[in-house]
Each structure stands twice: as C-alpha cells, then as structure tokens.
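Protein chains: 6
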Amino acid sequence: MPYVNIRITKEKNVTPEKKRQLIEGATNLLHDVLGKHPKSVHVTIDEVETDNWGVGGVSVTELLERQQSK
Amino acid sequence: MPYVNIRITKEKNVTPEKKRQLIEGATNLLHDVLGKHPKSVHVTIDEVETDNWGVGGVSVTELLERQQSK
Amino acid sequence: MPYVNIRITKEKNVTPEKKRQLIEGATNLLHDVLGKHPKSVHVTIDEVETDNWGVGGVSVTELLERQQSK
Amino acid sequence: MPYVNIRITKEKNVTPEKKRQLIEGATNLLHDVLGKHPKSVHVTIDEVETDNWGVGGVSVTELLERQQSK
Amino acid sequence: MPYVNIRITKEKNVTPEKKRQLIEGATNLLHDVLGKHPKSVHVTIDEVETDNWGVGGVSVTELLERQQSK
Amino acid sequence: MPYVNIRITKEKNVTPEKKRQLIEGATNLLHDVLGKHPKSVHVTIDEVETDNWGVGGVSVTELLERQQSK
Chain A
1 MPYVNIRITK
11 EKNVTPEKKR
21 QLIEGATNLL
31 HDVLGKHPKS
41 VHVTIDEVET
51 DNWGVGGVSV
61 TELLERQQSK
Chain B
101 MPYVNIRITK
111 EKNVTPEKKR
121 QLIEGATNLL
131 HDVLGKHPKS
141 VHVTIDEVET
151 DNWGVGGVSV
161 TELLERQQSK
Chain C
201 MPYVNIRITK
211 EKNVTPEKKR
221 QLIEGATNLL
231 HDVLGKHPKS
241 VHVTIDEVET
251 DNWGVGGVSV
261 TELLERQQSK
Chain D
301 MPYVNIRITK
311 EKNVTPEKKR
321 QLIEGATNLL
331 HDVLGKHPKS
341 VHVTIDEVET
351 DNWGVGGVSV
361 TELLERQQSK
Chain E
401 MPYVNIRITK
411 EKNVTPEKKR
421 QLIEGATNLL
431 HDVLGKHPKS
441 VHVTIDEVET
451 DNWGVGGVSV
461 TELLERQQSK
Chain F
501 MPYVNIRITK
511 EKNVTPEKKR
521 QLIEGATNLL
531 HDVLGKHPKS
541 VHVTIDEVET
551 DNWGVGGVSV
561 TELLERQQSK
C-alpha cells in the first residue's frame with residue numbers, strides 16, 4: 001500500500017543498478033519501520049532534467065556550472 | 101477543478117488512442133460520481149520507465165523478465 | 201502497478217460511498233483501457249481545502265461565495 | 301523547505317531561460333509572501349506531452365489542432 | 401492548463417490571505433513567463449505537518465525546537 | 501536536492517518516532533546509493549485516510565474490516 005516517490009536530478013551516474021538499490025532500500029525502510037509487507041510497497045523514481053530543478057532561485061544546471069568553474 | 105494524475109509504466113501499447121480513453125474515462129468518472137463539470141476536469145498521464153518503478157523491492161523491468169523466462 | 205491520484209476540493213458531499221465509487225471507477229478504467237489487473241491498481245484521493253485551491257488566480261472559497269451571492 | 305512543482309505542457313517555447321524565470325519567480329513568491337529563505341525553496345518543472353494532458357475530456361493535442369483549424 | 405502545487409509546512413502564519421497571495425502570485429507567474437491565460441492556471445497548496453517534513457535527516461519539528469533553544 | 505515523498509495510510513501506529521525513522525532512513529538511502537549530501541535531502545510523509553486509499557477497487561477501510569471479520 002505504501003507509495004514512495006523519489007525525485008532526483010537526471011545524471012549519468014544513476015544507473016539501473018543504482019535505481020534497483022533505491023527501490024530495494026525504500027521497500028526495506030517501509031518494512032523495517034512500519035512493518036509493511038514488501039509486496040505492498042510501490043516505489044517510483046522521477047529523474048528531473050537539471051534545467052527543470054531549481055534551488056535558491058537558480059537552476060541545478062547553473063549550480064553545477066558554478067561548481068565546475070571554481 | 102478536479103485534477104487526476106494517472107501513473108503507469110511506459111509500454112508500447114499505450115497509444116495516443118489509449119491515452120484519449122484514459123482522459124475521457126477519468127473525466128466522465130468525476131462527472132458521474134461528483135457532478136463535476138467535464139470542462140473543469142484536468143487529467144495528466146505520467147509514463148514511468150520500467151527501470152524506475154518497483155513493486156515488492158524489485159523493478160518492473162526485472163518482474164517482466166521473470167515472467168517471460170517462465 | 202498503476203497509481204491514480206485524484207485531487208478534489210474538500211466538500212460535504214464527498215461521502216465514503218462517493219469515494220468508494222471513485223476508487224472502483226478508476227480501477228475499472230485502468231483495467232478496461234490498458235488491461236491492468238484490478239488488484240494492481242492503487243487509487244488515492246486527496247481532499248484539498250477550498251482555501252488551498254485556486255483557479256484563475258482566485259481561491260475556490262471565493263469562487264463559491266461569488267456564486268452564492270448571485 | 302517549501303517545494304513547488306510546476307506542471308506545464310511540453311512546448312517549444314519553454315526555453316531554459318523561461319524555466320530560469322519560473323524558478324526565480326516561484327522562489328521570490330515564497331520569500332515575499334511567507335518570508336521563506338530563498339535558499340530553502342525547491343522548484344521542479346514537469347513538462348507533460350500534450351497527448352498526456354487532458355482538459356474537458358479531450359487531450360491538449362486535440363485542443364491545439366482544433367484551434368489551428370479554425 | 402498549468403498546474404502548480406505548493407508544499408509548505410503547516411504553520412500559524414499561513415492565513416487565508418497569505419494563501420490568496422500565493423494563488424495570485426503563482427497564476428501571474430505562469431501568465432507573465434509563458435503567456436498562459438490566468439483562467440487556465442490551477443494552484444493547490446499542501447500544508448504538511450512539521451513532524452512529516454524532514455530536511456537533512458531531521459524533522460522540521462526538531463529543527464524548530466533547536467532554533468528556539470539557542 | 502533529492503525530494504522523497506512517502507505516502508502511507510493514516511494509522512495510529514505511525515508515531516512521531518516512526519516518522520523520524522522514515523525521514524532518517526530515506527535520507528541515508530539517498531546518501532548511500534547516490535552520494536547525495538544529507539542536508540540536501542527533503543522528505544515528506546503524506547498520511548492518507550483509509551477511506552481515501554483503494555487497492556483492487558476496494559478502499560483500505562473495507563480491506564481492514566474484512567481482515568478483522570475473519
């Protein structure tokens with residue numbers, strides 16, 4: 001029954017294996033903390049383009065460029 | 101005013117015609133059950149990659165592979 | 201696997217029976233259009249206070265007051 | 301802490317510059333109205349295909365075609 | 401057509417007037433940046449209990465307590 | 501930057517301590533799997549009334565009643 005939505009920026013290092021670990025980890029978390037049956041846990045991962053995510057009024061694209069130019 | 105979000109896995113059989121039927125059906129549902137004016141109903145469909153959806157701690161990609169190998 | 205989220209304004213006429221009909225109708229829709237197994241369909245209903253929903257820059261609370269004063 | 305999700309249809313005119321303005325504007329709004337620190341505001345923009353968004357029981361794809369044929 | 405969801409923590413200072421300003425401001429933003437017709441813009445505000453929002457692994461309830469004890 | 505939304509049914513056993521564990525666990529998960537800085541991880545928990553959540557076309561309220569009557 002639980003539904004977990006994980007939103008992250010779309011980046012190269014988010015491989016299918018990493019996604020597998022996020023799904024497994026979130027499922028275990030709901031089981032361990034609330035006793036939810038693993039079969040009932042749904043997890044979705046939304047990968048958001050860095051142009052489409054902003055923190056502090058600035059897009060993540062721009063934040064990453066600033067970091068690299070340091 | 102109602103807003104319906106339908107999240108499904110991204111699969112080939114979800115054609116524009118199928119999406120049209122989901123939009124029409126969800127709109128009719130809100131009209132029939134709650135008397136909402138169809139013009140006020142918004143529906144969005146999110147198609148999620150099978151790598152990005154997990155049930156029971158396993159990705160849908162893996163679940164589909166298991167089914168096919170049976 | 202499908203996950204349907206229905207957002208409506210919180211109003212007195214949304215009884216448990218109406219919610220039951222929304223859940224059943226949305227589940228049938230996913231089954232009829234995409235062949236999804238009913239047991240796999242999850243539906244959640246979010247009831248949003250009329251102060252917390254705006255259309256056209258105006259809260260639904262205010263829109264309802266305008267209608268009544270006509 | 302605030303989290304703002306903006307869902308729009310995917311259209312050519314939504315350039316990175318427009319997205320930048322949406323992020324900045326939403327961040328300023330939360331600061332101006334509720335005094336939230338800009339650094340704490342997160343904004344995500346979801347661009348939804350016009351086939352996947354319906355209003356009044358009809359997809360936006362179809363609504364746009366009707367407008368053009370007028 | 402645009403749909404804006406604003407998630408904030410539930411706090412006393414979020415009055416109906418403040419909500420009105422958030423709705424108006426978000427609607428104007430979509431109009432000013434993307435030329436969306438105000439009547440087509442929907443805004444919902446989700447007020448989340450401070451126990452139910454975490455940043456940096458800690459609930460906002462706890463973060464506020466730490467601030468006050470300083 | 502990551503944003504995790506956990507939706508569960510509203511039940512008595514979901515104490516503030518359990519919520520604290522969900523927040524901490526989800527934050528650690530994003531750190532361990534993707535190397536995200538804990539301070540950047542936001543977690544929200546939505547507690548949904550059992551009347552407002554359906555699985556297999558039936559509300560959770562009804563599913564729980566069936567279990568108890570067995």
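Residue numbers (this note's numbering), protein chains in the order written: chain A, 1 to 70; chain B, 101 to 170; chain C, 201 to 270; chain D, 301 to 370; chain E, 401 to 470; chain F, 501 to 570. Yeah, the Cβ is synthetic: ideal placement off N, Cα and C, and Gly gets one too. Since we're looking at a predicted model, the values are computed, not measured.
In terms of Cα proximity to valine 60 of chain A, the closest of A:Asp51, A:Thr15 and A:Glu11 is A:Asp51.
Under the Cβ criterion (8 angstroms, minimum of three pairs), the stretch 139–146 of chain B counts as touching the stretch 117–130 of chain B. Around the Cβ of asparagine 413 of chain E, a 10 Å sphere holds fewer than 16 other Cβ atoms; the residue is exposed.
DSSP links serine 259 of chain C through a beta bridge to C:Gly254. Between proline 538 of chain F and chain E, the shortest Cβ-Cβ separation is below 8 angstroms. Looking at the backbone, the Cα of threonine 415 of chain E and that of leucine 163 of chain B are separated by about 48 angstroms. Counting along the chain, the unbroken beta strand (DSSP E) around glutamate 347 of chain D starts and ends at 342–348.
Per DSSP, reduced to three states, the secondary structure at threonine 527 of chain F is helical.
Bounds of the beta strand (DSSP E) holding valine 304 of chain D are 303–309.
For isoleucine 106 of chain B against valine 204 of chain C, the beta-carbon gap comes to about 5 angstroms, under 8 angstroms, which counts as contact. Listed by position along chain C, the residues whose Cβ is nearer than 7 angstroms to that of valine 543 of chain F form an empty set, because the closest Cβ is around 18 angstroms away. Under the 8 angstroms criterion on CB atoms, arginine 7 of chain A is classed as interfacial with respect to chain F.
Note on geometry: alpha-carbon atoms of arginine 466 of chain E and proline 202 of chain C lie some 41 angstroms from one another. Under the three-state reduction of DSSP output, lysine 518 of chain F falls in the helix class. The straight-line gap separating the alpha-carbon atoms of histidine 237 of chain C and glycine 54 of chain A is approximately 38 angstroms. About 11 angstroms separates the beta carbon of isoleucine 308 of chain D from that of glutamate 349 of chain D, a gap too long to meet the 8 angstroms contact definition.
Going by C-alpha positions, glutamine 521 of chain F is about 9 angstroms away from valine 458 of chain E. Within 10 angstroms of the beta-carbon of lysine 119 of chain B lie 16 or more other beta-carbons, which makes it buried. Residues of chain A whose Cβ lies closer than 8 angstroms to the Cβ of serine 159 of chain B are, in chain order, Pro16, Lys19, Arg20 and Ile23.
C-alpha of glutamate 211 of chain C to C-alpha of lysine 470 of chain E: approximately 43 angstroms in a straight line.
Taking C-alpha positions only, glycine 525 of chain F is separated from glycine 56 of chain A by approximately 25 angstroms. A direct Cα-to-Cα measurement between valine 233 of chain C and glutamate 117 of chain B gives close to 10 angstroms. Listed in chain order, the non-local C-beta contacts of glutamine 568 of chain F below 7 angstroms within the same chain number zero, local neighbours out to five positions each way being set aside. Interface annotation, asparagine 228 of chain C: in contact with chain F, CB-CB separation under 8 angstroms.
Take glycine 135 of chain B, set aside five residues on each side of it, and no residue of its chain has a beta-carbon closer than 6 angstroms to its own. Under the 8 angstroms criterion on CB atoms, valine 348 of chain D is classed as interfacial with respect to chain B. Straight-line measurement puts the Cα of isoleucine 245 of chain C at about 15 angstroms from the Cα of isoleucine 445 of chain E. No Cβ of chain D is located within less than 8 angstroms of the beta carbon of valine 4 of chain A.
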